[in-house]
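Chains as they are written, first to last, in my numbering: chain P, 576 to 720; chain U, 576 to 720; chain R, 576 to 720; chain S, 576 to 720.
A short write-up of the structure that comes next.
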């Protein structure tokens, strides 16, 4: 846990920013939604469709990676504001269980927000309940402010 | 390096297998190509298009992740054959440099092929020359044979 | 979170097992202590001394790695029992803040306990309070039972 | 690979620096030796003893972690010089095979040397020949110069 983190953007602010700067994210139909922004944390929702499937009617690895990476980007954006651009420098993901086709949540938590690096943890779990399907930790480089 | 690895499928065998089992991979136009299968290694080629871009005309993180993950799947398939289905259990990726829109190669090398786990290293670099843009290591679970 | 995990060994059982099988762990003076075993989790305590320091009066990276690895071993042992021997297959650690010389706790949580693999999360924080100093995720191979 | 890297310290320079700044490293008998410094790379040698063993006459995980971390520190030091102090921010290690008690080499290669971050790959293999026993990638934060 990282103490004393205060969001500087609301979920609506971020949604507007994303729409302007990442229009391709929801191309082919919106699938990513911001559920909540809290001190040090953010929750995203993915409504997957056929694009996200792999054989065996399970969601693909790149889908889970993209969800974790995007949620991490959002939680950082929420805490450093729209000026700076965070860039992923590394991401480690564990695939825990096969997710079936259905709504997923990704809860992302800032473990450290430094001047140059931000380290984030992401936990992905099905909206229908049950254990986590994936867990990731990621590091982002933050440009000089 | 893992000694004494011998591929049991050719690049053409694998391409046919992929086409049958992962038709969605190249949906919207083929972008992944198998360049070479060698003892303990495989090289893939990605011909990226607009789907793979993120702001700043650079290729997105999920694109590089998907390329590494797919190349790792291919090198394992080449060495254990089409019967077994390898599943990614974890993947660690370092983003080293921003790749511009252009052909990428991913060279994948088996570090260990055990009875239950296969550990693979993937190196992604631009066809136009220059330093690596990303490096990944990944572990796959191999079902009992 | 992994549901329905039940420990099969107590903290005392594990301490005795460790003493018998890993005598070198506390050579030069006991420094590792088991604080608590709970369903799906375990907490270890490290009382560091000069062996664990690096320049700048901070605890060394290998000290934090060893603590996370050992705590993960303990939580798995607690849940699969003394018969099986889990082996670390991979470990990813983020160093978040410089820990000063003082008691550390490591809380370890099982994210997945499968037939062949166990995935664990470890969080290291100072007994004196304050933010986490390191966070790790690790995968262990579990021999056939 | 990272092009155009030139070492600014020799193996002897580094050994002297280490002796002065990390005297505890070889406490209880010298076990780490610098074998070679090359453009973008370094090779370390570990002569393990009883301290490094775990049950089953194999070298412990923390021993391999410490070797990779130290070799990475050395290769960075060799290329940025003795002024700056690099700090490990994250390390991912795969344990590939059980190393028996005997001399190990660790070859470390810089994948990226940026202004703020250095990403390094480390490969550990027995002096007696044979496959790698561990592989790590690590990121180091470099202070402003």
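Glycine included, C-beta positions come from ideal geometry on N, C-alpha and C.
Everything numeric in this text was worked out from a predicted model, so none of it was measured.
Measure the alpha-carbon distance for residue i versus residue j and round it to whole angstroms.
i                     : j                     : result
residue 621 (chain S) : residue 666 (chain S) : 19 Å
residue 681 (chain S) : residue 691 (chain R) : 29 Å
residue 654 (chain S) : residue 707 (chain U) : 19 Å
residue 672 (chain P) : residue 719 (chain S) : 42 Å
residue 632 (chain P) : residue 676 (chain P) : 7 Å
residue 662 (chain S) : residue 716 (chain S) : 5 Å
residue 710 (chain P) : residue 587 (chain S) : 44 Å
residue 670 (chain P) : residue 630 (chain U) : 28 Å
residue 597 (chain P) : residue 699 (chain U) : 24 Å
residue 634 (chain P) : residue 642 (chain P) : 11 Å
residue 600 (chain S) : residue 627 (chain R) : 10 Å
residue 713 (chain U) : residue 713 (chain P) : 15 Å
residue 686 (chain U) : residue 617 (chain U) : 12 Å
residue 697 (chain S) : residue 697 (chain U) : 14 Å
residue 689 (chain S) : residue 660 (chain S) : 14 Å
residue 576 (chain P) : residue 656 (chain U) : Here the model assigns residue 576 (chain P) a pLDDT of 46, short of 50, so the residue's position is not dependable and the matter cannot be decided.
residue 580 (chain S) : residue 684 (chain S) : 11 Å
residue 679 (chain P) : residue 595 (chain U) : 28 Å
residue 602 (chain R) : residue 636 (chain S) : 17 Å
residue 694 (chain S) : residue 668 (chain S) : 14 Å
residue 593 (chain S) : residue 589 (chain U) : 50 Å
residue 772 (chain S) : residue 664 (chain P) : The structure shown does not extend to residue 772 (chain S), since chain S spans only 576 to 720, so no value can be given for it.
residue 584 (chain R) : residue 584 (chain P) : 47 Å
Decide if residue i is buried, meaning its Cβ has at least 16 other Cβ atoms within 10 Å, or exposed.
i                     : result
residue 702 (chain R) : exposed
residue 674 (chain S) : buried
residue 639 (chain S) : buried
residue 582 (chain P) : buried
residue 644 (chain S) : buried
residue 658 (chain U) : exposed
residue 705 (chain U) : exposed
residue 591 (chain P) : exposed
Looking at the structure shown, is residue i part of a helix, part of a strand, or coil, going by DSSP?
i                     : result
residue 662 (chain U) : strand
residue 594 (chain U) : helix
residue 676 (chain R) : coil
residue 579 (chain R) : coil
residue 694 (chain U) : strand
residue 688 (chain R) : strand
residue 671 (chain U) : coil
residue 702 (chain R) : coil
residue 717 (chain U) : coil
residue 708 (chain S) : coil
| Members of the region 676 to 707 of chain S near chain P, C-beta cut-off 7 Å | 691 and 692
| Interfacial residues, the region 649 to 668 of chain S to chain P, with Cβ spacing under 7 Å | 664, 665 and 667
| field | Stretch pair the region 602 to 621 of chain S + the region 637 to 651 of chain R: three plus CB contacts closer than 8 Å | value | no
| request: Report yes or no: do the region 621 to 636 of chain S and the region 593 to 609 of chain S share at least 3 C-beta pairs separated by less than 8 Å? | output: yes
| What residues from the region 586 to 615 of chain P come within 7 Å of chain R, judged by C-beta to C-beta, listed N to C? | none
| Between the region 619 to 638 of chain U and chain P, which residues of the former have a C-beta closer than 9 Å to a C-beta of the latter? | 625, 626, 628, 629, 630, 631, 635, 636, 637 and 638
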